[in-house]
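Step one of this worksheet: look at the structure below.
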Amino acid sequence: MDVARPLETSPTALNKPARDLIAEDLACRRGERLVFAGVSFRLPAGGALLLTGANGSGKTSLLRLLATLIPPAAGRLAWGAEPFDADVVAYRALLHYVGHQDGVKPGLTPRETLLFWAALRGAGSGRGSPPLDRALAAFALEPVADWPCRWLSAGQRRRLALARLAVASASIWLLDEPASGLDRDNQLSLERAIAEHRKSGGRVVVASHTLIDIAGADVITLDAFAPSPDHVAG
Amino acid sequence: MAAFIGLFRRDLRLALRQGGDAGLVLGFFVLAVVLFPLGVGPEPAVLQRIGAGIVWVAALLAALLSLDRLFEADYHDGGLDLLALSSLPLEFAVLAKCAAHWVATGLPLALISPSLALLVGLDPAEIVILALSLLIGTPALSLIGSVAAALTLGARRQGIVLSILVLPLYIPPLVFGAGAVEASVAGMDARAYLLILAALSLAALAFCPWASAAALRQALE
Numbered sequence: 070m071d072v073a074r075p076l077e078t079s080p081t082a083l084n085k086p087a088r089d090l091i092a093e094d095l096a097c098r099r100g101e102r103l104v105f106a107g108v109s110f111r112l113p114a115g116g117a118l119l120l121t122g123a124n125g126s127g128k129t130s131l132l133r134l135l136a137t138l139i140p141p142a143a144g145r146l147a148w149g150a151e152p153f154d155a156d157v158v159a160y161r162a163l164l165h166y167v168g169h170q171d172g173v174k175p176g177l178t179p180r181e182t183l184l185f186w187a188a189l190r191g192a193g194s195g196r197g198s199p200p201l202d203r204a205l206a207a208f209a210l211e212p213v214a215d216w217p218c219r220w221l222s223a224g225q226r227r228r229l230a231l232a233r234l235a236v237a238s239a240s241i242w243l244l245d246e247p248a249s250g251l252d253r254d255n256q257l258s259l260e261r262a263i264a265e266h267r268k269s270g271g272r273v274v275v276a277s278h279t280l281i282d283i284a285g286a287d288v289i290t291l292d293a294f295a296p297s298p299d300h301v302a303g
Numbered sequence: 029m030a031a032f033i034g035l036f037r038r039d040l041r042l043a044l045r046q047g048g049d050a051g052l053v054l055g056f057f058v059l060a061v062v063l064f065p066l067g068v069g070p071e072p073a074v075l076q077r078i079g080a081g082i083v084w085v086a087a088l089l090a091a092l093l094s095l096d097r098l099f100e101a102d103y104h105d106g107g108l109d110l111l112a113l114s115s116l117p118l119e120f121a122v123l124a125k126c127a128a129h130w131v132a133t134g135l136p137l138a139l140i141s142p143s144l145a146l147l148v149g150l151d152p153a154e155i156v157i158l159a160l161s162l163l164i165g166t167p168a169l170s171l172i173g174s175v176a177a178a179l180t181l182g183a184r185r186q187g188i189v190l191s192i193l194v195l196p197l198y199i200p201p202l203v204f205g206a207g208a209v210e211a212s213v214a215g216m217d218a219r220a221y222l223l224i225l226a227a228l229s230l231a232a233l234a235f236c237p238w239a240s241a242a243a244l245r246q247a248l249e
């Protein structure tokens, strides 16, 4: 009888809040330098993780590592019981990464930008589809929705990058300095979006050194994981 | 598939829109070809002899001109991270970008080449062969170029490194592309040349997206 393949492997089932994102003893190497070592956490459904630390302490590296953009130098990253690389495609479909660059093309309008990323994620490409309008509304982008992005301010570009979260329908949000360039109102919108996402079972990992209000978030201060000189990893 | 078409259309739109470089490439191509009659003199016999070579070399340089933009903008604005994480395999993303690059540069070059061929004194039959050789050969230019563009991503003075890397690789399409027209000038059948050119494009199609994707993954780490 074929029972070896559990039901959870279909993408919709993967969104079920049953699994935790688990990191054990993660280490990261950039070039010759070991950036951090021994980072462990467990992120359950609805959980939030706030990464803090000095410049260069590895906040972005940890996020990129969680996003599978760089491989860990040591340690284990797992989605539930399975290591993330058992099915990288399914794992990537779960996450959305907002790096500190916005990925905004000066020649496209915000609407075109979001339509394109929605199509790329296979999240339906219907013109004026409700998720698209909702995404534009969530970060107050409707007034500039049809302007070329080259006219947008830094804060507006940042909001456009964040609006991708709303069309991506990902379960794990990886946000690198999401509040940089945002005014007070929009930072509140962002905090609200994060809270709603967690309420519906989503997970959030935020790297930030600006004050951002995330209720009940676990905090990892990466300075504490800087390897001591005698620490040898990987 | 929707993702593939979406990426193709976005890149094409970016290339054709104001500030894109499709128009610049075409302008460079025309100017480069026009310079030769001014430089070597208007003697028809000489021009007809070297005409096909001139048009092909100008096409190579024009294609080269736009290559550094293929991944560069996405790399610097962080879009490449998101492309790499999307459900579209990076190989197909490269293919979509190459297709858009070809439609925005190679195809217009081939379409405008007949009028430039008149300028260098080619006969109607040879003009057809020239346009056909460009049509068949320019996909190889975009595809081979993508490998070099991916390899030099993030390098300082990318443009120059890219040229040095990619121009030697452009020699086979150049030889057989210009050769097709020369064969026709000499009264021989150009078919064999065009077929080899098609084989080069097909081989590039099979091989280059994988090589480019591997180089891009390296660049992202």
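Protein chains in written order, with the numbering used here: chain A, 70 to 303; chain B, 29 to 249.
The beta-carbon is built from N, C-alpha and C at its ideal position, and this holds for glycine as well.
Query, Result
"Proximity winner among A:Ala262, A:Ala106, A:Arg99, A:Gly107, relative to Ile139 (chain A) (alpha-carbon distances)", "A:Arg99"
"Residue-chain proximity (Gly107 (chain B), chain A), Cβ-Cβ < 8 Å", "yes"
"Chain A contact for Glu119 (chain B) (CB, 8 Å cutoff)", "no"
"Ala230 (chain A) classed as buried or exposed, judged by whether at least 16 other C-beta atoms fall within 10 angstroms", "buried"
"Enclosing beta strand (DSSP E) for Ile241 (chain A) [first to last residue]", "241–245"
"C-alpha distance - Gly224 (chain A) paired with Ala220 (chain B), whole-angstrom precision", "58 Å"
"Span of the beta strand (DSSP E), counted from its first residue to its last, around Ala106 (chain A)", "102–112"
"Of the listed residues A:Pro247, A:Asp94, A:Ala207, nearest to His165 (chain A) (C-alpha basis)", "A:Pro247"
"Local conformation of Tyr152 (chain A) per DSSP, three classes", "The amino acid occupying residue 152 (chain A) in the given sequence is Pro; Tyr does not appear at that position. Looking at Pro152 (chain A) - three-state DSSP - the assignment turns out to be strand."
"Chain B within 8 Å of Glu93 (chain A), Cβ atoms only", "no"
"Closest Cα partner of Tyr198 (chain B) within the set B:Gly55, B:Leu139, B:Leu75, B:Ile172", "B:Ile172"
"Start-to-end residues for the alpha helix (DSSP H) that takes in Asp287 (chain A)", "Run containing Asp287 (chain A): none in the alpha helix (DSSP H); it sits in the beta strand (DSSP E), 287–290."
"Chain-ordered chain B contacts of Ile16 (chain A) [CB-CB under 8 Å]", "Given that chain A is displayed from residue 70 to residue 303, the structure contains no residue 16 (chain A) and the question cannot be resolved."
"Backbone secondary structure at Ala143 (chain A) - three-state DSSP", "strand"
"Limits of the beta strand (DSSP E) - the one that Leu95 (chain A) falls within", "90–99"
"At least 3 beta-carbon pairs within less than 8 Å: the segment 115–130 of chain B vs the segment 34–54 of chain B", "yes"
"Span separating the alpha-carbon of Gly125 (chain A) from that of Val273 (chain A)", "21 Å"
"Residue of A:Pro217, A:Val157, A:Ala232, A:Arg219 minimising C-alpha distance to Trp186 (chain A)", "A:Ala232"
"C-alpha gap between Pro217 (chain A) and Leu111 (chain B), whole angstroms", "21 Å"
"Minimum C-alpha distance to Leu113 (chain B) - residue among A:Ser277, A:Glu151, A:Tyr160, A:Val108", "A:Tyr160"
"Chain B residues whose Cβ lies nearer than 7 Å to that of Phe185 (chain A)", "Gly34, Arg38"
"Sufficient close CB pairs (3 or more, under 8 Å) joining the segment 181–191 of chain B to the segment 70–77 of chain B", "no"
"Min CB distance Val275 (chain A) to chain B below 8 Å", "no"
"Local Cβ density within 10 Å of Gly195 (chain A), reported as buried at 16 or more and exposed below that", "Caution is warranted here: a pLDDT of 48 is assigned to Gly195 (chain A), below 50, making its placement in the model unreliable, and the coordinate value is therefore given only provisionally. Exposed, by the Cβ-count rule."
"Interfacial residues, the segment 243–260 of chain A to chain B, with Cβ spacing under 7 Å", "none"
"Contacting positions in the segment 126–160 of chain A - beta carbon closer than 9 Å to chain B", "Arg133, Ala136, Thr137, Leu138, Ile139, Pro140, Val158"
"Minimum C-alpha distance to Leu244 (chain B) - residue among B:Val213, B:Leu118, B:Phe57, B:Ala232", "B:Leu118"
"CB contact below 8 Å: Ser94 (chain B) versus chain A", "no"
"Interface flag, Gln170 (chain A) vs chain B, CB-CB below 8 Å", "yes"
"6 Å CB neighbourhood of Gly193 (chain A) in its chain, flanking five on each side removed", "Any answer about Gly193 (chain A) is weak, because its pLDDT of 49 lies below 50 and its placement is not dependable; what the coordinates show is given next. So no residue of the chain qualifies."
"Spatial distance of Leu228 (chain B) from Ala218 (chain B) (CA atoms)", "16 Å"
"Leu116 (chain B) versus Cys236 (chain B): straight-line alpha-carbon distance, rounded", "17 Å"
"C-alpha distance - Arg102 (chain A) paired with Gly134 (chain B), whole-angstrom precision", "44 Å"
"Partner residues on chain A for Arg45 (chain B), Cβ-Cβ distance less than 9 Å", "Gly176, Leu177, Pro217"
"Residue closest to Val250 (chain B), alpha-carbon to alpha-carbon, out of B:Ile82, B:Leu54, B:Ala30", "What the structure shows of chain B is the stretch from 29 to 249, and residue 250 (chain B) is not part of that stretch, so it cannot be assessed."
"Reduced DSSP category for Val173 (chain A) - H, G, I as helix; E, B as strand; rest coil", "coil"
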